[in-house]
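Visitor:
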Amino acid sequence: GQSLEQPSEVTAVEGAIVQINCTYQTSGFYGLSWYQQHDGGAPTFLSYNGLDGLEETGRFSSFLSRSDSYGYLLLQELQMKDSASYFCVSYSGAGSYQLTFGKGTKLSVIP
Amino acid sequence: DAGVIQSPRHEVTEMGQEVTLRCKPISGHNSLFWYRQTMMRGLELLIYFNNNVPIDDSGMPEDRFSAKMPNASFSTLKIQPSEPRDSAVYFCASATGTGVTEAFFGQGTRLTVV
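If you read the sequences in order, they're chains A and B.
Under my numbering, the first residue of the first sequence is numbered 100, with each subsequent residue one higher.
Under my numbering, the first residue of the second sequence is numbered 3, with each subsequent residue one higher.
1. Can you tell me the Cα-Cα spacing of Leu145(A) and Phe200(A), whole angstroms?
2. Quick one: is the Cβ of Gln101(A) within less than 6 Å of any heavy atom of the ligand ATP?
3. Can you give me the Cβ contacts of Ile28(B) inside the same chain, cut-off strictly under 7 Å, excluding the 5 residues immediately before and after it?
4. Report the partner residues of Glu46(B) according to the DSSP bridge assignment.
5. Are the CB atoms of Trp133(A) and Ser168(A) nearer to each other than 7 Å?
6. According to DSSP, which residues form a beta bridge with Thr204(A)?
7. Spatial neighbours of Glu176(A) within its chain, please: CB distance less than 7 Å, with the 5 preceding and 5 following residues excluded, ordered by chain position.
8. Taking Val116(B) as the reference, which of Gly108(B), Asp88(B), Thr98(B), Glu104(B) has the closest Cα?
9. Chain A beta carbons: is any one of them nearer than 7 Å to that of Gln109(B)?
10. Mapping DSSP to helix, strand and coil, what is Ile88(B)?
11. Mind checking if Lys202(A) is an interface residue toward chain B, Cβ cutoff 7 Å exclusive?
Okay, structure coming up:
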């Protein structure tokens with residue numbers, strides 16, 4: 100089966116740094132991804148980790164440790180527009196990939 | 003490319019009626035996913051296709067739900083008969099398939115069954 104655990108809510112101050120953790124139990128695990136979803140919108144891709152280590156994309160970084168079945172999303176220099184839900188997503192399978200979403204973390208950025 | 007296109011954007015129907023949701027994936031993408039999103043259950047994978055073939059439909063809630071992909075540019079999700087608990091936002095997403103790292107989502111269909 101597939102399951103991912105992440106905090107349901109996080110609040111942080113504008114300009115600060117926030118880390119959203121994700122632990123997973125996924126058979127046939129291939130990689131971990133992060134998606135952002137604003138209220139009323141569609142999920143949009145942020146990052147993907149296929150290998151252990153840190154991937155950086157602008158203000159966002161994502162980390163994966165396969166041995167710990169753990170990853171995180173790091174958001175720096177928080178802006179009000181970063182208020183959204185963030186989903187960790189596991190990729191599993193071979194040849195074609197199943198994407199399983201965690202329940203999501205609702206991030207509120209406050210002034 | 004216009005992205006993943008879903009129709010309709012909103013659907014209100016009466017319990018017991020048949021509902022058909024439609025999706026046009028991005029051209030060249032050969033993986034297609036149907037998700038359902040509710041407050042209680044989050045984003046649930048219902049079914050996914052690769053090269054028009056259903057790979058895993060274990061997420062389909064029950065026999066009232068069915069999905070087809072007759073060709074690479076079109077998929078449908080049908081609910082017959084619909085029930086109030088089917089009310090949710092249904093998303094379709096597509097990806098390039100092998101080596102995929104990013105799935106592109108449509109804007110969703112908000113279904114309300116009264």
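The beta carbon of each residue, even a glycine, is placed where N, CA and C say it ideally should be.
Guide: With the structure as the only source:
1. 14 Å
2. Among the components modelled here there is no ligand, and therefore nothing to report on the ligand ATP.
3. Asp3, Gly5, Val6, Ser96, Phe106
4. Arg38(B)
5. no
6. Tyr185(A)
7. Gly114, Arg158
8. Asp88(B)
9. yes
10. Reading off the sequence, residue 88(B) comes out as Asp, not Ile. Residue state, collapsed to three classes: helix.
11. yes
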